[in-house]
Amino acid sequence: MTAPERTHSHVDNFYSAPSGRRKGLSIAVDFQREQTSGTVNACSAMVPGSGFGETDMKHAQWLIGGLLGFVLGAPALAFNVFPYGADQASKWGENTIGTPGGVVTWSLMADGTGLDAAAPTYIHGTSDMGSLFAQIDTAYGAGTALTALQKAFGQWSAVANISFVQVTETGSVPFAAAYAGVGASVIGNIRIGAYNLDGFSGAVGFAPAPNGGTTLEGDVIFNLNVAYAIPPGNEGDPYFLYPNPSPTLSPDHDSYYHNDFQGLFTHELGHAIGLAHTNVASALMCGYVDGSFDGSACAYNGPAPSDGMAPINRIPDADDVAGAQYLYGAAAPVPEPESFAMLLAGLGVIAGVIRRRRARPEIR
């Protein structure tokens, strides 16, 4: 029996009007709500890396908290996924829960990439990642925007058995095109673009396959109509949501809500690997910013909403890690240098076949 096609997306909205009109909102729009709560107890983990930097400290805290919770009887975590049949979910690799995601390719859409007729109607125009990158790089230095994306991929691969490699797009494949329309062109499993979005959405992240049966599966789209920044500081440090002057835009955008570019993308990438919103306030995947609006305020609403600040949130917390490992298992050990060289040698072949393999989705 063939399962019905469905499309899952999460639109993360951050109101971009001048300060004083309205606070920033994060509204998760779940088209056909079908996620389920994962109920697990954290039992063990490995602290990655030989150094002990900011990321390692957060992973260590998750490890210690998980072990204490196991001993003391920790409450169930609240992560959410997109279920697909018994013991299955929308994820990369096999759809069986707990299996590795393998090597997932990602790519930046070329400026001018258009929209397929199947694209959601709230997305308009053509992609312009170039202008978005220019805003960030002009403010913070050349290469900052790309580095922020790379760090986000690294955060998720550090905690779950899934890895990512960038490929360069060829051809002119529209966003949300059918797999059959890709042909000999090269596109990533996860495509990243920037379009005009209706409303005040900061970005939208689409869940992985099976999800609608087109190439939008796993894609992340930024909104060209809102403001972004990459606030300096460490995880948990407060930053100004309404900076004046704006670090990235013209003076007429002073005091607009500025999305943390890296934190927002890391969150959207969580959707792209199969995680839905959680109501755990400190979690990276928390999607409910205004307690008066949807009943559960996220930590990035700020410890005191009236002060116009929020904590930097770019690293998966315990709930996020549990959700990612529920889907993919724990992160695989880092290969020895010789093995890593052999892995790299094979990535060109892998990158060329992954999209084609998805061109004939499995019938269930």
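Residue numbering for the sequence shown follows the numbering used here, beginning at 157 and increasing consecutively. We treat Cβ as the ideally placed atom computed from N, Cα and C, and that holds for glycine.
Pairwise C-alpha distance: residue j and residue i
i: threonine 324; j: isoleucine 346; result: 12 angstroms
i: glycine 389; j: tryptophan 312; result: 20 angstroms
i: threonine 282; j: glycine 337; result: 18 angstroms
i: threonine 434; j: arginine 470; result: 15 angstroms
i: serine 523; j: alanine 333; result: This structure does not reach residue 523, given that the chain is present from 157 up to 520, and the question cannot be answered.
i: serine 402; j: tyrosine 296; result: 12 angstroms
i: asparagine 352; j: valine 360; result: 11 angstroms
i: glycine 129; j: phenylalanine 289; result: Coverage of the chain is limited to positions 157 through 520, which leaves residue 129 absent and any answer about it impossible.
i: aspartate 354; j: alanine 275; result: 13 angstroms
i: proline 256; j: cysteine 454; result: 30 angstroms
i: isoleucine 429; j: asparagine 379; result: 20 angstroms
i: alanine 314; j: alanine 487; result: 6 angstroms
i: histidine 427; j: glycine 374; result: 7 angstroms
i: glycine 310; j: asparagine 317; result: 12 angstroms
i: aspartate 212; j: glutamine 418; result: In this prediction, aspartate 212 has a pLDDT of 40, which is less than 50 and means its spatial position is unreliable; nothing more can be read from the coordinates.
i: proline 204; j: glycine 270; result: Here the model assigns proline 204 a pLDDT of 25, short of 50, so the residue's position is not dependable, and the following value carries that caveat. Approximately 40 angstroms, taken between the alpha carbons.
i: asparagine 236; j: serine 411; result: 34 angstroms
i: serine 287; j: leucine 397; result: 21 angstroms
i: glycine 464; j: leucine 372; result: 35 angstroms
i: phenylalanine 320; j: valine 259; result: 5 angstroms
Per-residue burial, residue i [other beta carbons within 10 Å of its own, 16 or more giving buried]
i: glutamate 250; result: exposed
i: aspartate 473; result: buried
i: asparagine 415; result: buried
i: asparagine 400; result: exposed
i: serine 406; result: exposed
i: threonine 261; result: buried
i: proline 489; result: exposed
i: glutamate 518; result: Confidence in glutamate 518 is poor, its pLDDT being 27 and thus under 50, which makes the residue's placement unreliable; the coordinate value appears in the next sentence. Flag for glutamate 518 reads exposed.
i: glycine 299; result: exposed
i: glycine 443; result: buried
Proximity to residue i [Cα-Cα], best of the options
i: alanine 363; options: Ala350, Ala340 and Ile377; result: Ile377
i: serine 246; options: Ala480, Ala486 and Pro276; result: Ala480
i: serine 328; options: Ile343, Thr252 and Ile318; result: Ile343
i: proline 239; options: Ala365, Gln306, Thr422 and Thr277; result: Ala365
i: leucine 305; options: Leu425, Ala350, Asp267 and His409; result: Leu425
i: tyrosine 413; options: Ala439, Tyr384 and Gly368; result: Tyr384
i: valine 477; options: Pro467, Ala466, Ser438 and Cys454; result: Ser438
i: aspartate 243; options: Ile253, Val237, Ala234 and Asn236; result: Ile253
i: threonine 422; options: Ala432, His409, Leu440 and Val436; result: Leu440
Cross-strand partners of residue i (DSSP beta bridge)
i: phenylalanine 235; result: Beta-bridge pairing links phenylalanine 235 to no other residue.
i: tyrosine 351; result: Asn379
Rounded distance between the beta-carbons of residue j and residue i, thought under 8 angstroms
i: aspartate 272; j: methionine 285; result: Actually they are not in contact, since the Cβ atoms of aspartate 272 and methionine 285 sit about 18 angstroms apart, beyond 8 angstroms.
i: glycine 349; j: valine 382; result: In fact, because the Cβ distance is near 15 angstroms, the residues do not count as touching under 8 angstroms.
i: isoleucine 292; j: glutamate 391; result: With 8 angstroms as the limit, isoleucine 292 and glutamate 391 do not qualify as a contact, their Cβ atoms being about 19 angstroms apart.
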